[in-house]
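Numbering (my numbering), first residue to last: 79 to 262.
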(Lines of atoms letter the chains of each structure in order from A and count residues from 1; the text may use other names and numbers.)
(Lines give C-alpha, C1' and ligand atoms only; values in the text may rest on other atoms or scores of the structure.)
Protein backbone atom coordinates (compact mmCIF):
# COMPACT_ATOMS: atom_id res chain seq x y z
CA UNK A 1 0.00 0.00 0.00
CA UNK A 2 2.75 2.47 0.93
CA UNK A 3 4.57 1.83 -2.32
CA UNK A 4 1.42 2.84 -4.18
CA UNK A 5 1.39 6.36 -2.65
CA UNK A 6 2.09 8.91 -5.37
CA UNK A 7 5.40 10.70 -4.76
CA UNK A 8 4.48 13.58 -7.12
CA UNK A 9 1.28 14.14 -5.13
CA UNK A 10 3.21 14.00 -1.85
CA UNK A 11 5.76 16.49 -3.21
CA UNK A 12 2.92 18.86 -4.17
CA UNK A 13 1.62 18.69 -0.58
CA UNK A 14 5.11 19.35 0.78
CA UNK A 15 5.53 22.34 -1.53
CA UNK A 16 2.32 23.94 -0.19
CA UNK A 17 3.46 23.42 3.41
CA UNK A 18 6.98 24.72 2.71
CA UNK A 19 5.53 27.90 1.19
CA UNK A 20 3.24 28.44 4.18
CA UNK A 21 6.11 28.00 6.63
CA UNK A 22 8.38 30.26 4.61
CA UNK A 23 5.82 33.06 4.74
CA UNK A 24 4.91 32.56 8.41
CA UNK A 25 1.40 31.26 7.82
CA UNK A 26 -0.61 28.77 9.85
CA UNK A 27 -1.72 25.22 9.13
CA UNK A 28 -5.20 24.12 10.25
CA UNK A 29 -5.96 20.39 10.30
CA UNK A 30 -9.33 18.61 10.58
CA UNK A 31 -11.05 15.23 10.23
CA UNK A 32 -13.77 13.04 11.74
CA UNK A 33 -13.49 9.88 13.86
CA UNK A 34 -10.08 8.27 13.43
CA UNK A 35 -9.14 11.17 11.16
CA UNK A 36 -9.90 13.56 14.04
CA UNK A 37 -7.33 11.72 16.14
CA UNK A 38 -4.87 11.89 13.25
CA UNK A 39 -5.52 15.64 12.91
CA UNK A 40 -4.70 16.16 16.60
CA UNK A 41 -1.57 14.01 16.40
CA UNK A 42 -0.45 15.66 13.15
CA UNK A 43 -0.85 19.20 14.56
CA UNK A 44 1.06 18.19 17.70
CA UNK A 45 3.93 16.74 15.67
CA UNK A 46 4.15 19.72 13.32
CA UNK A 47 4.03 22.27 16.14
CA UNK A 48 6.42 20.51 18.54
CA UNK A 49 8.66 18.16 16.59
CA UNK A 50 9.82 20.77 14.10
CA UNK A 51 11.19 23.26 16.66
CA UNK A 52 14.76 24.33 15.90
CA UNK A 53 16.72 26.94 17.85
CA UNK A 54 17.06 30.12 15.84
CA UNK A 55 14.13 29.48 13.48
CA UNK A 56 10.52 30.62 13.62
CA UNK A 57 8.17 27.89 14.80
CA UNK A 58 5.79 26.13 12.49
CA UNK A 59 2.22 27.10 13.43
CA UNK A 60 -0.12 24.08 13.34
CA UNK A 61 -3.61 23.95 14.86
CA UNK A 62 -6.04 21.04 15.04
CA UNK A 63 -9.70 21.99 14.63
CA UNK A 64 -10.75 18.71 16.28
CA UNK A 65 -9.57 19.54 19.80
CA UNK A 66 -11.99 22.20 21.07
CA UNK A 67 -14.85 19.90 22.09
CA UNK A 68 -17.06 22.59 23.70
CA UNK A 69 -16.88 24.71 20.53
CA UNK A 70 -17.50 21.69 18.30
CA UNK A 71 -20.59 20.72 20.29
CA UNK A 72 -21.84 24.32 20.39
CA UNK A 73 -21.69 24.71 16.62
CA UNK A 74 -23.15 21.24 16.12
CA UNK A 75 -26.01 21.90 18.52
CA UNK A 76 -26.78 25.49 17.51
CA UNK A 77 -26.40 25.15 13.73
CA UNK A 78 -25.40 21.80 12.23
CA UNK A 79 -22.55 19.31 12.41
CA UNK A 80 -21.58 20.35 8.88
CA UNK A 81 -20.36 23.70 10.30
CA UNK A 82 -18.08 22.52 13.15
CA UNK A 83 -14.86 23.17 11.24
CA UNK A 84 -15.85 26.04 8.93
CA UNK A 85 -17.15 28.16 11.80
CA UNK A 86 -13.93 27.65 13.78
CA UNK A 87 -11.88 28.39 10.70
CA UNK A 88 -13.82 31.59 9.95
CA UNK A 89 -12.47 33.10 13.19
CA UNK A 90 -8.83 32.45 12.29
CA UNK A 91 -8.09 31.74 8.61
CA UNK A 92 -6.16 34.32 6.61
CA UNK A 93 -4.84 34.47 3.05
CA UNK A 94 -1.75 32.28 2.76
CA UNK A 95 -2.73 29.90 5.56
CA UNK A 96 -3.27 26.20 4.81
CA UNK A 97 -6.29 24.03 5.62
CA UNK A 98 -5.72 20.26 5.63
CA UNK A 99 -8.74 17.97 5.47
CA UNK A 100 -8.23 14.33 6.41
CA UNK A 101 -11.03 12.12 5.10
CA UNK A 102 -10.99 8.46 4.08
CA UNK A 103 -14.20 8.93 2.06
CA UNK A 104 -13.24 12.35 0.74
CA UNK A 105 -16.90 13.28 1.13
CA UNK A 106 -17.21 14.57 4.72
CA UNK A 107 -19.56 17.59 4.51
CA UNK A 108 -17.96 19.39 7.47
CA UNK A 109 -14.48 19.03 5.95
CA UNK A 110 -15.74 20.10 2.51
CA UNK A 111 -17.41 23.20 4.01
CA UNK A 112 -14.20 24.18 5.81
CA UNK A 113 -12.06 23.68 2.70
CA UNK A 114 -14.50 25.80 0.66
CA UNK A 115 -14.30 28.52 3.30
CA UNK A 116 -10.49 28.36 3.24
CA UNK A 117 -10.55 28.87 -0.53
CA UNK A 118 -12.82 31.91 -0.10
CA UNK A 119 -10.17 33.40 2.19
CA UNK A 120 -7.41 32.64 -0.37
CA UNK A 121 -5.85 29.98 1.82
CA UNK A 122 -4.27 26.87 0.34
CA UNK A 123 -6.04 23.53 0.72
CA UNK A 124 -4.70 20.00 1.10
CA UNK A 125 -6.44 16.63 1.34
CA UNK A 126 -5.16 13.43 2.93
CA UNK A 127 -7.73 11.12 1.37
CA UNK A 128 -8.75 7.51 0.98
CA UNK A 129 -8.25 5.43 -2.15
CA UNK A 130 -10.85 7.19 -4.33
CA UNK A 131 -10.38 10.74 -3.04
CA UNK A 132 -14.09 11.54 -3.11
CA UNK A 133 -15.30 15.10 -3.74
CA UNK A 134 -12.37 16.63 -1.88
CA UNK A 135 -9.86 15.33 -4.45
CA UNK A 136 -11.23 17.69 -7.10
CA UNK A 137 -11.41 20.78 -4.93
CA UNK A 138 -8.06 21.02 -3.12
CA UNK A 139 -4.76 22.52 -4.26
CA UNK A 140 -2.85 19.33 -3.40
CA UNK A 141 -3.73 15.87 -2.11
CA UNK A 142 -2.34 12.46 -1.32
CA UNK A 143 -4.43 9.32 -1.69
CA UNK A 144 -4.04 6.44 0.76
CA UNK A 145 -4.58 3.47 -1.54
CA UNK A 146 -5.76 1.03 1.12
CA UNK A 147 -8.18 -1.84 0.80
CA UNK A 148 -10.24 -0.65 3.79
CA UNK A 149 -10.66 2.35 6.07
CA UNK A 150 -8.26 0.99 8.69
CA UNK A 151 -5.44 0.76 6.14
CA UNK A 152 -6.26 4.23 4.81
CA UNK A 153 -6.19 5.68 8.32
CA UNK A 154 -2.86 3.93 8.99
CA UNK A 155 -1.47 5.43 5.78
CA UNK A 156 -2.66 8.90 6.83
CA UNK A 157 -0.76 8.62 10.11
CA UNK A 158 2.36 7.43 8.30
CA UNK A 159 2.01 10.33 5.85
CA UNK A 160 1.64 12.74 8.79
CA UNK A 161 4.92 11.45 10.19
CA UNK A 162 6.68 11.61 6.81
CA UNK A 163 5.45 15.19 6.33
CA UNK A 164 6.54 16.15 9.85
CA UNK A 165 10.04 14.75 9.30
CA UNK A 166 10.28 16.64 6.02
CA UNK A 167 9.12 19.89 7.63
CA UNK A 168 11.63 19.39 10.45
CA UNK A 169 14.39 19.40 7.82
CA UNK A 170 12.88 22.50 6.18
CA UNK A 171 12.95 24.32 9.54
CA UNK A 172 16.48 23.03 10.30
CA UNK A 173 17.74 24.28 6.93
CA UNK A 174 16.10 27.64 7.54
CA UNK A 175 17.69 27.90 11.01
CA UNK A 176 21.09 27.09 9.49
CA UNK A 177 20.67 29.73 6.78
CA UNK A 178 19.70 32.33 9.42
CA UNK A 179 22.75 31.43 11.53
CA UNK A 180 25.02 31.64 8.49
CA UNK A 181 23.61 35.04 7.51
CA UNK A 182 24.05 36.32 11.09
CA UNK A 183 27.69 35.22 11.16
CA UNK A 184 28.63 37.27 8.09
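Built from N, CA and C at the ideal position, the CB exists for glycine as well.
From a predicted model like this one, the values you see are computed outputs, not experimental measurements.
Buried or exposed: where does residue i fall if 16 or more other Cβ atoms within 10 Å of its Cβ makes it buried?
i	result
residue 260	exposed
residue 155	exposed
residue 180	buried
residue 81	exposed
residue 206	buried
residue 245	buried
residue 238	buried
residue 258	exposed
Can you check whether the CB of residue j is closer than 9 Å to the CB of residue i?
i	j	result
residue 172	residue 198	yes
residue 266	residue 92	Only positions 79 to 262 of the chain appear in this structure, which leaves residue 266 out of reach.
residue 220	residue 84	yes
residue 87	residue 170	no
Residues in its own chain within less than 8 Å of residue i by CB, not counting five upstream and five downstream?
i	result
residue 133	249, 250, 252, 253 and 256
residue 98	104, 105, 172, 173, 174 and 200
Can you find the residues in the same chain that come closer than 6 Å, C-beta to C-beta, to residue i, ignoring five residues on each side of it along the sequence?
i	result
residue 235	116
residue 178	109, 113, 116, 117, 204 and 234
residue 210	181, 182 and 183
residue 161	108, 141, 186 and 190
residue 227	180
residue 125	138
residue 163	151
residue 176	107 and 202
Going straight from the alpha carbon of residue i to that of residue j, what length do you get?
i	j	result
residue 196	residue 225	34 Å
residue 150	residue 144	10 Å
residue 105	residue 262	33 Å
residue 147	residue 216	26 Å
residue 101	residue 230	31 Å
residue 194	residue 222	23 Å
residue 128	residue 120	12 Å
residue 208	residue 96	26 Å
residue 131	residue 243	16 Å
residue 111	residue 214	22 Å
residue 153	residue 94	34 Å
residue 188	residue 159	10 Å
For residue i, I'd like the list of residues in its chain whose CB is within less than 7 Å of its CB, leaving aside the five on either flank, ordered along the chain.
i	result
residue 90	218
residue 166	193
residue 79	223, 224, 229 and 233
residue 157	186
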